[in-house]
Amino acid sequence: MGSITLKQVRKAFGDVEVIPGVDLQINDGEFVVFVGPSGCGKSTLLRLIAGLEDVSSGQILIDGQDMTQAAPSRRKLAMVFQSYALYPHMSVRKNIAFPLKMAGMDAAQQEARVKHAAGILNLTDYLDRRPGQLSGGQRQRVAIGRAIVREPSAFLFDEPLSNLDAALRVNMRVEISELHKKLATTMVYVTHDQVEAMTMADKIVVLRAGRVEQVGSPLELYRTPANRFVAGFIGSPNMNFIEGEPAARLGAHAIGVRPEHFAMSTTEGLLAGTVGVAEHLGSDTFLHIDLDNGSHIVARAAGEFPVHHGDRIFLTPQEGRVYRFDQNGLAL
Amino acid sequence: MARRVSETRRWTFTILAWLVALAIFFPILWTILTSFKSEADAIASPPKFLFFDWTTENYAEVQSRSPYFRHFMNSVIISVGSTLLGLLIAIPAAWSMAFQPAKRTKDLLMWMLSTKMMPAAGVLIPMYLMFRSFGLLDTRIGITVVLMLINLPIITWMLYTYFREIPGEILEAARMDGASLSKEIIHVLTPMAVPGIASTLLLNVILAWNEAFWTLNLTTSKAAPLTTFIASYSSPEGLFYAKLSAASTMAIAPILILGWFSQKQLVRGLTFGAVK
């Protein structure tokens, strides 16, 4: 079991309100990702759930029980930190066994659980090493191992991959997703990387300035963003926003079109412009285009698209893929 | 790229460094040499450096006149005891200031340090009267507590600096792993801070060992450490330089040996965190 309910959770540091009041339901077994730009309060929200910070007001229920005032150790949650936070003076074995030792489990049982976790995470050969003798990816696995031996009701991840290099990050992303499938335990994962959010989440919570902007599955957010912020944050490269005459024609203050939703032609189309930079990746071509009306947009063509700097180009947004936003940035 | 240093420059600095080192060490060397002279040679003018009649009679005399071992044991008990007692108080104090700092933590640290700026003589009379009233004069307990109090600001400051180097996330991880506050301090913080705690311990044992003002004023015989033992050989009349030097040598030898063997630890502790 591992459902988490936040009821009007508010957090202020002195006079500064970082989280003005969040309501959120995380169901048992879900993989929920908190995503948002840095300083949006996503880590603070996670630490409130963990109990590492005290809430200013509101309620946190874990499996239906009020845990608002409970100490971190009583919440049956395990956390993986960005810096791994391993105990440098202990071997990998002792690191992983530490929560079991704190729980007063007998040595034989501890050893069995450590072996099991090490097996899952490919750490069996490293059990007697110190964290200092491991690579970044291995350390991260030890941190995850320390979390899984406790068999917690939910895992909390605080930007666990941001200290790893790009290639390793992709591997670990897949490993964590597979772990979630295997354990079927609730996971709450904080990241500023929307790609991580899109690839791993069952449910994404987009945060801005401590407020929940939208909650939904990755594709829900991609297809029906509630406002300009979510529309711009989800998807890579970012959605293009065009204001002025083309928007007014559709009865909106601004329209948004994703880079992948343009039909491109060198002869005719709705919007005309000049190619600035053309990035030819082989699998995709990204074109940075200065439209004649002055706006700058990015468009993606699948495969190779033979245009170069200075070429004239015409774009037509695909039918049904144009998002309309009002003055306040809300979706129409 | 390493900076290039010319040969002459290197030699100049090497010789200069040796001269400075010798100047610092010379008083100790002179004390040791004097302890092997006769009282007459000790005050000879011009001073005799190496060519005198070497004798160990001063050591025999000092041994027979006062119980060296009792003073030595008093020094050990007082310096180690006051340091351990200080650590017992300072570890939790430094923990709270390093990891749960409040608005006024910095001021508190400054205030603690400022107590070291006060001349000790300023509080001698009230301290002496208090000691007399509580029957603590010339007791090991009394002098141990006083030395602990005197060094507590330094112990707390040093530990605070070391603890600040320990990432807070590791302690939070321990909390998430179910460690209570005491277990967090015992199993995670203390082992990680061992180099820092060890050098704090060593430095404060040395400071307490060498402390003279309070030990001379608050002890006479029963609790008197080696400082009092040395002082008892200075007298207003007669020749005493050689015997005084022998007593001094015997008093500083143990701490010198301790310092020699722990110098690696001391340097490592004092530069803890300065270089990764």
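Protein sequences, first through last, are from chains A and B.
Just so we're aligned, residue 1 is where the first sequence starts under this note's numbering, counting upward by one.
Just so we're aligned, residue 1 is where the second sequence starts under this note's numbering, counting upward by one.
Each residue gets a CB set at the ideal place from its N, CA and C atoms; glycine is no exception.
Small disclaimer: the values here were computed from a predicted structure and weren't measured.
Just verifying my parser: in three-state terms, what is the DSSP assignment at valine 275 (chain B)?
Because the pLDDT at valine 275 (chain B) is just 39, under 50, the model does not fix this residue reliably, and the point stays unresolved.
Could you spell out where the alpha helix (DSSP H) holding asparagine 58 (chain B) opens and where it closes?
57–65
For leucine 109 (chain B), which residues of its own chain have a beta-carbon under 6 Å away from its beta-carbon, when the five flanking residues on both sides are left out?
none
So for asparagine 171 (chain A), helix, strand or coil by DSSP?
helix
Locate the beta strand (DSSP E) running through glycine 58 (chain A), then write down its first and last residues.
57–62
Note down, one range per segment and in chain order, each alpha helix (DSSP H) of at least 4 residues found wholly within the region 46–106 of chain A.
92–102
If we define contact as Cβ-Cβ less than 9 Å, is alanine 50 (chain A) a contact residue for chain B?
yes
Taking 9 Å as the threshold (beta carbon to beta carbon), is glutamate 165 (chain B) in contact with chain A?
no
Is the region 276–289 of chain A touching the region 243–251 of chain A, taking contact as three or more C-beta pairs under 8 Å?
no
Continuous beta strand (DSSP E) stretch holding valine 322 (chain A): start and end
Per DSSP, valine 322 (chain A) belongs to no beta strand (DSSP E) and is neither H nor E.
Restricting to Cα atoms, I'd like to know which of A:Gly64, A:His261, A:Val190 is closest to valine 322 (chain A).
A:His261
To the nearest angstrom, how far is the alpha carbon of serine 180 (chain B) from that of serine 73 (chain A)?
8 Å
Does the CB of serine 180 (chain B) have a neighbour CB from chain A at under 9 Å?
yes
Is the CB of aspartate 177 (chain B) under 9 Å away from at least one CB in chain A?
yes
Whose C-beta lies closer than 6 Å to the C-beta of glycine 276 (chain A) among residues of the same chain, with five residues either side of it excluded?
His288, Asp290
Applying the criterion that 16 or more other CB atoms from any shown protein chain within 10 Å of the CB defines a buried residue, is alanine 274 (chain B) buried or exposed?
In this prediction, alanine 274 (chain B) has a pLDDT of 42, which is less than 50 and means its spatial position is unreliable; what the coordinates show is noted afterwards. With fewer than 16 other Cβ atoms within 10 Å, it is exposed.
Members of the region 80–93 of chain A that neighbour chain B once the beta carbon cut-off is set at 7 Å
Answer set for the region 80–93 of chain A: Phe81, Ser83, Ala85, Tyr87, Pro88, His89.
Length of the line joining the Cα atoms of leucine 85 (chain B) and proline 88 (chain A)
28 Å
May I have the straight-line CA-CA distance separating alanine 97 (chain A) from valine 149 (chain A), to the nearest angstrom?
8 Å
Do you know offhand how far isoleucine 91 (chain B)'s Cα is from isoleucine 77 (chain B)'s?
21 Å
Opposing strand residues paired with valine 205 (chain B) [DSSP bridges]:
DSSP lists no partner for valine 205 (chain B).
Just to confirm, are leucine 281 (chain A) and isoleucine 297 (chain A) a CB contact at a threshold of 9 Å?
no
Is the shortest distance between the beta-carbon of aspartate 63 (chain A) and the beta-carbons of chain B less than 9 Å?
Judged by the 9 Å Cβ criterion, aspartate 63 (chain A) is not in contact with chain B.
Per DSSP, methionine 117 (chain B) forms a beta bridge with which residues?
Answer is none; methionine 117 (chain B) lacks a bridge partner.
At a Cβ threshold of 9 Å, is proline 99 (chain A) touching chain B?
yes
Burial state of alanine 78 (chain A), where buried means 16 or more other Cβ atoms lie within 10 Å
buried
Taking the alpha carbon of tyrosine 222 (chain A) as the reference point, which residue from A:Gly244, A:Glu245, A:Gly256 has its own alpha carbon closest?
Looking at the Cα atoms, A:Gly256 is the closest of the given residues.
So isoleucine 49 (chain A) and leucine 161 (chain A) are in contact, right, with Cβ under 8 Å, and what is the actual spacing, rounded?
About 20 Å; that fails the 8 Å criterion.
For leucine 164 (chain A) versus glycine 132 (chain A), is the C-beta spacing smaller than 9 Å?
It is not a contact, given that the beta carbons lie outside the stated cut-off.
What alpha helix (DSSP H) runs, 4 residues minimum, are completely inside the region 111–157 of chain A?
136–148
Return helix, strand or coil for phenylalanine 31 (chain A), following the three-state DSSP convention.
strand
Can you find a CB in chain D that lies within less than 9 Å of the CB of lysine 183 (chain B)?
No chain D appears in this structure, whose protein chains are A and B.
Mind listing the chain B neighbours of alanine 108 (chain A)? Cutoff is C-beta to C-beta under 9 Å, in chain order.
Near alanine 108 (chain A) there are no residues of chain B at all, since even the closest Cβ is about 19 Å away, more than 9 Å.
Determine the chain B residues that contact proline 131 (chain A) at a beta-carbon separation under 7 Å, and present them in chain order.
Correct list: empty, because the minimum Cβ distance to chain B is about 10 Å.
Using CA atoms only, rank isn't needed, just tell me which of A:Leu270, A:Pro152, A:Ser3, A:Ile62 is closest to glutamate 319 (chain A).
Answer by Cα proximity: A:Leu270.
In whole angstroms, give me the CA-to-CA distance for leucine 137 (chain B) and leucine 218 (chain B).
Straight-line Cα distance between these residues: approximately 6 Å.
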